[in-house]
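Read the structure below first, then the notes.
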Amino acid sequence: MALAETIKTKANEAMGVNPLDAKISKSYFTVTFLALLIGGILGLVQGLNRAGLFELPSWLNYYQVLTAHGLLLILVFTAFFTIGYFYAGLSHTLGGLLPKVRKMVWIGFWMKIVGFVFAVVPIIMNEASVMYTFYPPMAASPWFYIGLVFIVLGVWMAAFGAFIQVANWRKNHKGQHLPILSFFATGVFVLLFFSSIPVAIEVFMIIPWAFGWMETINVMLSRTLFWAFGHTLVNIWYMTALSAWYVIIPKVIGGKRFSDTLTRVVVILLVVLNIPGGFHHQIIDPGISESVKYMHVFMSLAVGFPSLMTAYAMFSVFERTGRAKGAKGLFGFFKKLPWGDVRFLAPFIAMVAFIPAGAGGIVQTTNQLDQVVHNSLWIVGHFHLTLAMTVALTFFGVAYWLIPRLSGRVLTKKMNKIGVITTIIWTIGMSTMAIAMHLVGLLGSPRRTSYTTYGDNATALGWDPYLIFLAVGGTLLIVAVVMQVYNMFHLMFRAPKGEEEFPIGEEEENASKTPFWTERWSRTILIMLIIVAMAYVIPIVDFIGDPGSPPFKTW
Amino acid sequence: MHRHEKIWLTLSTAMIVGFFLIAGYQTFALEMGPPSHSETIDPQKVDEIEPFDEPGVYEVGENKYEVVMTLQIFSFTPNEIEIPAGSEVTFTMTSKDVTHGFQIAGTNVNAMVMPGYISKITQTFNEPGEYLVLCNEYCGAGHQMMSTTITVK
Numbered sequence: 000m001a002l003a004e005t006i007k008t009k010a011n012e013a014m015g016v017n018p019l020d021a022k023i024s025k026s027y028f029t030v031t032f033l034a035l036l037i038g039g040i041l042g043l044v045q046g047l048n049r050a051g052l053f054e055l056p057s058w059l060n061y062y063q064v065l066t067a068h069g070l071l072l073i074l075v076f077t078a079f080f081t082i083g084y085f086y087a088g089l090s091h092t093l094g095g096l097l098p099k100v101r102k103m104v105w106i107g108f109w110m111k112i113v114g115f116v117f118a119v120v121p122i123i124m125n126e127a128s129v130m131y132t133f134y135p136p137m138a139a140s141p142w143f144y145i146g147l148v149f150i151v152l153g154v155w156m157a158a159f160g161a162f163i164q165v166a167n168w169r170k171n172h173k174g175q176h177l178p179i180l181s182f183f184a185t186g187v188f189v190l191l192f193f194s195s196i197p198v199a200i201e202v203f204m205i206i207p208w209a210f211g212w213m214e215t216i217n218v219m220l221s222r223t224l225f226w227a228f229g230h231t232l233v234n235i236w237y238m239t240a241l242s243a244w245y246v247i248i249p250k251v252i253g254g255k256r257f258s259d260t261l262t263r264v265v266v267i268l269l270v271v272l273n274i275p276g277g278f279h280h281q282i283i284d285p286g287i288s289e290s291v292k293y294m295h296v297f298m299s300l301a302v303g304f305p306s307l308m309t310a311y312a313m314f315s316v317f318e319r320t321g322r323a324k325g326a327k328g329l330f331g332f333f334k335k336l337p338w339g340d341v342r343f344l345a346p347f348i349a350m351v352a353f354i355p356a357g358a359g360g361i362v363q364t365t366n367q368l369d370q371v372v373h374n375s376l377w378i379v380g381h382f383h384l385t386l387a388m389t390v391a392l393t394f395f396g397v398a399y400w401l402i403p404r405l406s407g408r409v410l411t412k413k414m415n416k417i418g419v420i421t422t423i424i425w426t427i428g429m430s431t432m433a434i435a436m437h438l439v440g441l442l443g444s445p446r447r448t449s450y451t452t453y454g455d456n457a458t459a460l461g462w463d464p465y466l467i468f469l470a471v472g473g474t475l476l477i478v479a480v481v482m483q484v485y486n487m488f489h490l491m492f493r494a495p496k497g498e499e500e501f502p503i504g505e506e507e508e509n510a511s512k513t514p515f516w517t518e519r520w521s522r523t524i525l526i527m528l529i530i531v532a533m534a535y536v537i538p539i540v541d542f543i544g545d546p547g548s549p550p551f552k553t554w
Numbered sequence: 000m001h002r003h004e005k006i007w008l009t010l011s012t013a014m015i016v017g018f019f020l021i022a023g024y025q026t027f028a029l030e031m032g033p034p035s036h037s038e039t040i041d042p043q044k045v046d047e048i049e050p051f052d053e054p055g056v057y058e059v060g061e062n063k064y065e066v067v068m069t070l071q072i073f074s075f076t077p078n079e080i081e082i083p084a085g086s087e088v089t090f091t092m093t094s095k096d097v098t099h100g101f102q103i104a105g106t107n108v109n110a111m112v113m114p115g116y117i118s119k120i121t122q123t124f125n126e127p128g129e130y131l132v133l134c135n136e137y138c139g140a141g142h143q144m145m146s147t148t149i150t151v152k
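Protein chains in written order, with numbering that gives the first Met the number 0: chain A, 0 to 554; chain B, 0 to 152.
If you want it as structure tokens, here you go:
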């Protein structure tokens, strides 16, 4: 196993980067960081408005800005990064992409771009200020939903391309374990495909209704289908970050990977348990019984288990690596970590952020505690910790070596330093904002609301001191966003030529053999579908036949 | 498996199971479950259907009140409610248009109010004062203005 891996690594190094494959990932990353730039600017606009410092011009609506910010950062930034990164991983670990697969992922790329244009034009025209959750019976222009269909189809093309690539490799490497990075990619694309089925069904219910061909729509059914997708989506981005933690980071710090078996079990658990998690967005909804909601507490909490396993695994790798380098004492190994290396520092901060973020997640999924914070700014603070810290900083950490590698350039000492500074500014800005959001949310300040004092209500005025920190954080963040985007394009087009390493961690020498059942994806998927059915059949059957709603445009 | 790893995983499991059991105890033994009323209503005929044809504050027992309320862009009917301190109030609500949220700042009252469904949530108001009621689900251009107050005397 170890020998085979060494041979493969050597072969890959000899072959270098396939320019056709690199072009795919670079195109995806270009979109990623343009989305970050525009989404970041819109984020600043909101932060300033919400703090009461900036009134939007009459031609720009707060909710329009918020819809675009959400769509750009929760969908475009993340999806394009994930696909670009995993395709680079598939190409690197499976010996180059098949020509057919390359074609599919390009078609997927353009479908997503077309879909995105269809979705964005109505937003700009203020015909789709419905947020990225687009809950019916608010009805946007039908073209907004048609855009979403194209985005989903584009994601499916990328997923199917990955499946074909992986299946082909497996056929030619019978009895071998899929390389770990491709194993993560498979898990991510399986989840992306299956979780987007419910939202596809929802959008196909919405389109005829938005065109006026159907009179009413089932509100709770649409909402439930949305969240089966919506929460899985964010967990997919988290799982993408995990792949870098388990596979890339050990190599960056000069250590070995944590147990291969445990890593694969974590992937399988996340695939199997994820989709029912979306239900915790509906804890205070009408029309769902207490017992169904209680069952879902368990379903949601279950996802916490692989995360807690990960926490152990990460610190264990840090400790072992530090001790191997001669660290002494209980926490001496911390000194041996490469703090000045942005490829490590950014993902490390991402991991630390996931400690409060994950704890907050466990709290929120518990029925009674959710009722305290549901739809408050606490939730916004939570997903800025998870997405904008844990996920985004890990993505940045990866991009600092992956983009130059794909571009035939190197991460210079100077760029590394600028990267470290960018990461620190980002961390300070995002922490300031997220902490303030958690606190003011606990006091009752709602999410998705432009600046308001509710007629100078004393309670609402008491929130203002906290809201100022949204502007402070947002201002720091825009500095970090601009620097980050500059860094990325510099590494793509301007950095000195050379060869940057694709750091893939190796197993420990005395590692025990990974059981082969981990490779049986058909069984993993079957178990996933059974759990999804347990979670959703009862509530969905319950909603069918409920009175429907006509469309409304309320903005 | 390492001994420390076993300890960690045991603690992790205990914590997750602990959260689960406490949530269950609160829901089923202490009746603190989240608002989960399961009654439907035709959202296009709310004004004609009882009790929403006459929204208002009703005394239903000693120190017990029911507030029959409709939510619509961008207001609550009735609004500016007054009730005596120490009373237990059940809010019976539905939406006449899009999805709204019903939240009373400073309390744990928090419920989604959706067209086609009737939401119910109960709260005892012991502390006199003015409570801010707000819509916490984005409902349109005037969402930030959708609020009212409950005065407890």
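Using N, Cα and C, we set each Cβ at its ideal position, and we do this for glycine too.
Discussion item. Just to confirm before moving on: does the CB-CB distance between A:P624 and A:A127 stay below 8 Å?
Written reply: Any question about residue 624 of chain A goes unanswered here, given that chain A covers just 0 to 554.
query = Thinking just about the alpha-carbon of each residue, which of A:A139, A:Y86, A:I150 is nearest to the one in A:P207?
reply = For the purposes of this step, residue 207 of chain A is taken as the residue at position 208 of the first sequence. Comparing Cα-Cα distances from A:P207 to each of A:A139, A:Y86, A:I150, the minimum goes to A:A139.
Can you give the Cα-Cα distance for A:Q581 and A:H279, rounded to whole angstroms?
Here chain A comprises residues numbered 0 to 554, so residue 581 of chain A is not present and cannot be evaluated.
Checklist entry - Between the C-alpha atoms of A:V218 and A:L528, what's the straight-line distance to the nearest angstrom? => result Residue numbering aside, residue 218 of chain A sits at position 219 when the first sequence is read from its first letter. Residue numbering aside, residue 528 of chain A sits at position 529 when the first sequence is read from its first letter. Distance between the alpha carbons of A:V218 and A:L528: 24 Å.
* Asked: If you draw a straight line from the C-alpha of B:L70 to the C-alpha of B:T76, how long is it?
  -> Taking the second sequence and counting its residues from 1, one reaches residue 70 of chain B at position 71. Taking the second sequence and counting its residues from 1, one reaches residue 76 of chain B at position 77. Roughly 6 Å separates the two Cα atoms.
When B:E38, B:I15, B:N135 are compared against B:G100, the one with the closest alpha-carbon:
The residue you call residue 100 of chain B lines up with position 101 of the second sequence. Comparing Cα positions, the closest option is B:N135.
>> Using a Cβ-Cβ distance cut-off of 8 Å, determine whether B:A84 contacts chain A.
In response: As a working note, residue 84 of chain B is residue 85 in the second sequence. Answer no: the Cβ-Cβ gap between B:A84 and chain A never drops below 8 Å.
Checklist entry - Got a sec, what are the start and stop residues for the beta strand (DSSP E) B:L163 sits in? => result Nothing about residue 163 of chain B can be read from this structure; chain B reaches only from 0 to 152.
Integer-rounded CB distance, given that A:A534 should sit under 8 Å from A:H295: Position 296 of the first sequence, counted from the first residue, corresponds to residue 295 of chain A. Position 535 of the first sequence, counted from the first residue, corresponds to residue 534 of chain A. That pair is a contact at about 7 Å.
ask   = Would A:H91 be called buried (16 or more neighbouring beta carbons within 10 Å of its own) or exposed?
value = Position 92 of the first sequence holds residue 91 of chain A. When all chains shown are included, A:H91 counts as buried.
Exercise. What residues from chain B crowd round A:S219, counting only those whose CB sits closer than 8 Å?
Worked result: Working through the first sequence from its first residue, we reach residue 219 of chain A at position 220. In the sequence as presented, Ser is not what sits at residue 219 of chain A; that position holds Met. Under the 8 Å cutoff, chain B gives M113, G115, Y116.
Self-check item: Pick from A:T553, A:W554, A:G547 that is closest to A:M213, judged by C-alpha positions
Solution: Position 214 of the first sequence, counted from the first residue, corresponds to residue 213 of chain A. Checked all of A:T553, A:W554, A:G547; the closest Cα to A:M213 is A:G547.
Return the CA-CA distance between A:M0 and A:T231, expressed in angstroms with no decimal places. Along the first sequence, read from residue 1 onward, the residue named residue 0 of chain A stands at position 1. Along the first sequence, read from residue 1 onward, the residue named residue 231 of chain A stands at position 232. The predicted model places A:M0 with a pLDDT of 45, which falls under 50 and marks its position as unreliable, so this point remains unresolved.
Q) What's the gap between the Cα of A:P305 and the Cα of A:I539? A) Here residue 305 of chain A refers to the residue found at position 306 of the first sequence. Here residue 539 of chain A refers to the residue found at position 540 of the first sequence. If you take the alpha carbons of A:P305 and A:I539, they lie about 28 Å apart.
For this session: Measure from the C-beta of B:Q168 to each C-beta in chain A and report whether the shortest distance is under 8 Å.
Result: Residue 168 of chain B is absent from the model: chain B starts at 0 and stops at 152.
Using only alpha-carbon positions, find the residue among A:T77, A:W338, A:A310 that is nearest to A:N234. In the first sequence, residue 234 of chain A corresponds to position 235, counting from 1. Looking at the Cα atoms, A:T77 is the closest of the given residues.
- prompt: Thinking C-alpha only, which one of A:H68, A:K25, A:P141 is nearest A:G211?
  reply: Position 212 of the first sequence holds residue 211 of chain A. For the residues A:H68, A:K25, A:P141, the minimum Cα distance to A:G211 belongs to A:P141.
TODO: With DSSP collapsed to three states, give me the class of A:T365.
DONE: Here residue 365 of chain A is taken as the residue at index 366 of the first sequence, counted from 1. Of the three classes helix, strand and coil, the one that applies to A:T365 here is coil, per DSSP.
- Host alpha helix (DSSP H) of B:L131 (start-end): The residue given as residue 131 of chain B occupies position 132 in the second sequence. Run containing B:L131: none in the alpha helix (DSSP H); it sits in the beta strand (DSSP E), 128-133.
In the DSSP output, what is A:R408 paired with across the bridge?
As a first step, residue 408 of chain A is located in the first sequence; it is residue number 409 there, counting from the start. Answer by DSSP bridge pairing, in chain order: A:K496.
Note to self: Please report the distance separating the alpha-carbon of A:F133 from that of A:W168.
What the structure shows: For the purposes of this step, residue 133 of chain A is taken as residue 134 along the first sequence, with counting starting at 1. For the purposes of this step, residue 168 of chain A is taken as residue 169 along the first sequence, with counting starting at 1. So the alpha carbons of these two residues sit roughly 40 Å apart.
Q.
Counting only Cβ-Cβ distances shorter than 8 Å, please list the residues of the stretch 120-142 of chain A near chain B, keeping chain order.
A. S128, M130, Y134, P136, M137
**Study point:** Collapsed DSSP secondary structure at B:N109 in the structure displayed
**Key:** Against the second sequence, residue 109 of chain B aligns to sequence position 110. In the structure shown, B:N109 sits in a strand (DSSP, three-state: E or B).
(request) Starting from A:N60, find everything on chain B with Cβ-Cβ shorter than 9 Å and list it in chain order. (result) Stepping through the first sequence from its first residue, residue 60 of chain A is reached at position 61. For A:N60, the neighbours in chain B by C-beta distance under 9 Å run, in chain order, A140.
With a threshold of 6 Å on Cβ separation, who are the neighbours of B:G141 within its own chain once the five nearest residues in sequence on each side are excluded? In the second sequence, the residue the question calls residue 141 of chain B occupies position 142. Excluding sequence neighbours, B:G141 sits near F73.
_Contact set between A:R256 and chain B, taken where Cβ atoms lie within less than 9 Å_ = Mapped onto the first sequence, residue 256 of chain A falls at position 257. Those within 9 Å of A:R256 in chain B number zero; the least Cβ separation is about 15 Å.
For A:V409 and A:A494, believed in contact at Cβ under 8 Å, the rounded distance
Here the question's residue 494 of chain A lines up with position 495 in the first sequence. Here the question's residue 409 of chain A lines up with position 410 in the first sequence. With a contact defined as Cβ atoms closer than 8 Å, A:A494 and A:V409 qualify at about 6 Å.
Determine the contact status of A:T185 and A:L177, defining contact as a CB-CB distance below 8 Å. Within the first sequence, numbered from 1, the residue matching residue 185 of chain A stands at position 186. Within the first sequence, numbered from 1, the residue matching residue 177 of chain A stands at position 178. Yes, these two residues count as a Cβ contact at 8 Å.
**Prompt:** Got a sec? Which residues, its chain only, sit under 7 Å from B:P34 by beta carbon, not counting five neighbours each side?
**Reply:** For the purposes of this step, residue 34 of chain B is taken as the residue at position 35 of the second sequence. Answer for B:P34: A110, S118, K119, I120, listed in chain order.
Fill in: Element boundaries [alpha helix (DSSP H), containing A:Q556]
This structure cannot settle anything about residue 556 of chain A, because the visible part of chain A is limited to 0 through 554.
Other residues of its chain near B:D52: CB distance less than 7 Å, five sequence neighbours each side excluded:
Walking along the second sequence from the start, residue 52 of chain B turns up at place 53. Closer than 7 Å at Cβ, skipping near neighbours: D46.
Chain-order list of residues whose beta-carbon lies under 6 Å from that of A:W425 (same chain, five-residue window excluded)
In the first sequence, residue 425 of chain A corresponds to position 426, counting from 1. Counting only Cβ-Cβ distances below 6 Å, and skipping sequence neighbours, we find A479.
| query | Quick one: what does DSSP say B:K119 is sitting in, helix, strand or coil? | reply | Locating residue 119 of chain B in the second sequence gives position 120, counting from the first residue. Strand at B:K119.
B:F153 in three-state terms, based on DSSP
No information on residue 153 of chain B is available, as it lies outside the stretch 0 to 152 that chain B covers here.
Backbone CA spacing between A:K552 and A:N48 [nearest angstrom] | As a first step, residue 552 of chain A must be located in the first sequence, where it is residue number 553. As a first step, residue 48 of chain A must be located in the first sequence, where it is residue number 49. Distance between the alpha carbons of A:K552 and A:N48 is about 23 Å.
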